[in-house]
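Undergrad: Under the working numbering, think of the first position of the sequence shown as 303, with each following residue one higher.
Ideal Cβ placement from N, Cα and C applies to all residues, glycine included.
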Amino acid sequence: GERKRVSIAMELVTITALQERKHSLSKKRGVDDNGDAQTVVLTLDEPTSGLDSFAANQLMTILTKLASSSANKHYKCMVILSIHQPPMKVFRTIDRILLLSGEGHAVYHGKSSDVKNYFELHGFPCDVDNTIPDHMLEVVRDENRSKVNALVAATKSDNQSSSPDGTSNSSRMERQNNCERVSVFQEVTILYARTVTNIFRNKSLFVLQFIISIVIASGVSGLFHNVKDNLAGFQNRAGAFYFTLTFFAFTSFSSMDTFLKERRVFVRESGSQYYRVFSYFIVKTTLDAFFLRVIPVTVYAFILYWIMGLKDTLEAFLLFWTALVIFNICAGIMTTCLSVATSTVGQANLIAAVWFLIMLLFGGFLVNLESMAPGFAWLKYVSIFYYTFEILIT
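1) Assuming I605 and H527 form a contact by the criterion Cβ under 8 Å, report the distance between their Cβ atoms to the nearest whole angstrom.
2) Measuring alpha carbon to alpha carbon, tell me which of A369, V392, P388 ends up nearest V381.
3) What are the complete alpha helix (DSSP H) segments, minimum 4 residues, inside the region 640 to 669?
4) Below 8 Å, can you find three or more Cβ-Cβ pairs linking the region 580 to 592 to the region 662 to 679?
5) Mind checking which residues open and close the alpha helix (DSSP H) that includes K563?
6) Measure the Cβ-Cβ separation of T644 and I653 and say whether it is below 9 Å.
7) Report whether the distance from the Cβ of S520 to the nearest heavy atom of the ligand ZN is below 8 Å.
8) Have a look at I597 and E571 and give me their C-alpha separation to the nearest angstrom.
9) List the DSSP bridge partners of R398.
10) Tell me which residues share the same chain as R398 and place their Cβ nearer than 8 Å to its Cβ, disregarding the 5 neighbours each side in the sequence.
11) Over the uninterrupted alpha helix (DSSP H) stretch that includes S355, give me the two end residues.
12) Does any residue of chain D bring its CB to less than 9 Å from the CB of T646?
13) Here's the rule: buried if 16 or more other CB atoms are within 10 angstroms of the residue's CB, otherwise exposed. What is S459?
14) Among I628, L659, P676, L365, which residue has its Cα nearest to the Cα of T690?
15) Does DSSP put L612 in a helix, in a strand, or in coil?
16) Do L616 and S554 have their C-beta atoms within less than 9 Å of each other?
17) Excluding the 5 residues preceding and the 5 following W680 in the sequence, name in chain order all residues of the same chain whose CB lies nearer than 6 Å to its CB.
18) Buried or exposed for Q511, going by 16 or more other Cβ atoms inside 10 Å?
19) Please look up how many angstroms separate the CB atoms of C632 and I695, rounded, as I've assumed it's under 8 Å.
20) Quick one, are the C-beta atoms of S641 and S557 less than 9 Å apart?
21) Comparing alpha-carbon positions, which option in S448, E692, F426 lies nearest L439?
22) DSSP on E675, reduced to helix/strand/coil?
23) Using beta-carbon positions only, say whether T646 and L562 come within less than 9 Å of one another.
24) DSSP state of D444, grouped into three classes?
25) With DSSP run on the structure shown, which of helix, strand or coil describes S384?
26) Determine the direct distance from the alpha carbon of E564 to that of I492, and round the result to whole angstroms.
27) Would you mind reading off the limits of the alpha helix (DSSP H) that contains A551?
28) How many angstroms separate the CA atom of V454 from the CA atom of H386?
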């Protein structure tokens, strides 16, 4: 019961925060959206199960207030829930009822206050000592299936002609089609704010990768300090470049754990249409690239390039930096794709390690690609090491 209440509370907080954020963005742009409040849908599966009668009634009261049109002037909320044999006090808080038979057919669809009269009209009167929810359950389980089928047919006929509030189905469909979804820009703005907040709340990964980049760059710079323009210097430069690519390739594995932790939240929120998958992908990719790819590479390149004694021109340095940034972003995207395709961090790490080792082997440093058998030589074209190493070494 406690876990169910917490999950419902999280949904309520998320809906409120998103809509308030959208309203504040509209005000900043000078758009008055008070007269055209958007509708959000909260779907719950048996929210009262596992709760005592007091907690169940308290929960339904909160949901009723949330669904009332006067609850908030910025947005309207529609609460759709499944419930099994509710107490009478809970039943009265429900505005509309959809009662299904064992075969999945609609036995009743309309206002909760009209249930008793509707069943009496179709030959199912409710006893004085019986509650309406119990009576509804007895109706759908009635052994006289012909009477139940007649009730199903009557409900179907009523729904085809009009809804319980007198609105035709075509009008309702037209009104639903006219509902505008939040723009991609608004979704991306909200997701950027939330993701940046989460990054700074849990900044240990970013700080650790930043420090490691400084330490490794300092170590490599000391080892390959001011290389000469001879054969030994060429070998040292090639080794330093290939070690650098290997270092950033395997540090890209840090993206796996982050996405796998967020997968359940992403599936739930995208399934509830809080945002588009495209918006989440754009935010996740750009922020991951900036904080975990661009910043560590920039620090590493500034330390290594000048101490190592490479070409003392701004154009050469920018080419060196750009090649490393693109390589690191590509490695990060590959590891993220592998984390999407696997269910655990262990599986993703194993597959990524094998794939990066294959690309490492055909990168042009460990094996002479010109002397390789034709059946294997083509693998260099799928290696990000090959392209980046060619740029750096030339």
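TA: Straight from the coordinates:
1) Sequence index remark: in the sequence shown, residue 605 carries index 303 (1-based). Sequence index remark: in the sequence shown, residue 527 carries index 225 (1-based). Not confirmed; about 12 Å, so no contact.
2) Taking the sequence shown and counting its residues from 1, one reaches residue 381 at position 79. When only C-alpha atoms are compared, the closest one is A369.
3) If you keep only unbroken alpha helix (DSSP H) runs of at least 4 residues inside the region 640 to 669, you get 647 to 663.
4) Not touching, per the Cβ criterion.
5) Residue mapping note: residue 563 aligns to position 261 of the sequence shown, counting from 1. K563: member of the alpha helix (DSSP H) spanning 556 to 573, first to last residue.
6) Within the sequence shown, numbered from 1, the residue matching residue 644 stands at position 342. Within the sequence shown, numbered from 1, the residue matching residue 653 stands at position 351. Yes; because the gap between Cβ atoms is below 9 Å, this pair is in contact.
7) Absent from the structure shown: the ligand ZN. Ligands present: none.
8) Start at 1 with the first residue of the sequence shown, and residue 597 comes out as number 295. Start at 1 with the first residue of the sequence shown, and residue 571 comes out as number 269. Cα to Cα, the separation comes out at about 30 Å.
9) Taking the sequence shown and counting its residues from 1, the one referred to as residue 398 is at position 96. When DSSP reads this structure, R398 sits in a beta bridge with K413.
10) Translated into the one-based positions of the sequence shown, residue 398 becomes position 96. Excluding five sequence positions before and after R398, the CB atoms of its chain that fall closer than 8 Å to its own CB belong to H411, G412, K413, S414, P466, given in chain order.
11) Here residue 355 is taken as the residue at index 53 of the sequence shown, counted from 1. Note, S355: alpha helix (DSSP H), 355 to 369.
12) The structure shown has no chain D; it contains just one protein chain.
13) Reading the sequence shown from its first residue, position 157 is the one you call residue 459. Counting Cβ neighbours within 10 Å, S459 comes out exposed, since fewer than 16 surround it.
14) Numbered from its first residue, the sequence shown carries residue 690 at position 388. Proximity to T690 across I628, L659, P676, L365 peaks at I628, based on C-alpha coordinates.
15) For the purposes of this step, residue 612 is taken as residue 310 along the sequence shown, with counting starting at 1. L612 falls in the coil class under three-state DSSP.
16) Numbered from its first residue, the sequence shown carries residue 616 at position 314. Numbered from its first residue, the sequence shown carries residue 554 at position 252. No.
17) Taking the sequence shown and counting its residues from 1, the one referred to as residue 680 is at position 378. There are no such residues.
18) Position 209 of the sequence shown, counting from 1, holds the residue named residue 511. The residue is buried, with at least 16 neighbouring Cβ atoms inside 10 Å.
19) Within the sequence shown, the letter at position 330 stands for residue 632. Within the sequence shown, the letter at position 393 stands for residue 695. Rounded, the Cβ-Cβ distance is 18 Å, inconsistent with contact.
20) Here residue 641 corresponds to residue number 339 of the sequence shown, with the count starting at 1. Here residue 557 corresponds to residue number 255 of the sequence shown, with the count starting at 1. Contact annotation: S641 and S557 have beta-carbon atoms nearer than 9 Å.
21) Position 137 of the sequence shown, counted from the first residue, corresponds to residue 439. For the residues S448, E692, F426, the minimum Cα distance to L439 belongs to F426.
22) Here residue 675 refers to the residue found at position 373 when the sequence shown is read from its first residue. Note that residue 675 corresponds to Ala in the displayed sequence, not to Glu. Coil, per DSSP.
23) Here residue 646 is taken as the residue at index 344 of the sequence shown, counted from 1. Here residue 562 is taken as the residue at index 260 of the sequence shown, counted from 1. In this structure, L562 lies closer than 9 Å to T646 by Cβ.
24) Against the sequence shown, residue 444 aligns to sequence position 142. Under the three-state reduction of DSSP output, D444 falls in the coil class, being neither helix nor strand.
25) Here residue 384 refers to the residue found at position 82 when the sequence shown is read from its first residue. It is a strand residue.
26) Here residue 492 corresponds to residue number 190 of the sequence shown, with the count starting at 1. Here residue 564 corresponds to residue number 262 of the sequence shown, with the count starting at 1. C-alpha separation (whole angstroms): 16 Å.
27) Here residue 551 corresponds to residue number 249 of the sequence shown, with the count starting at 1. For A551, the enclosing alpha helix (DSSP H) has its first and last residue at 533 to 553.
28) Working through the sequence shown from its first residue, we reach residue 454 at position 152. Working through the sequence shown from its first residue, we reach residue 386 at position 84. The straight-line gap from Cα to Cα measures roughly 19 Å.
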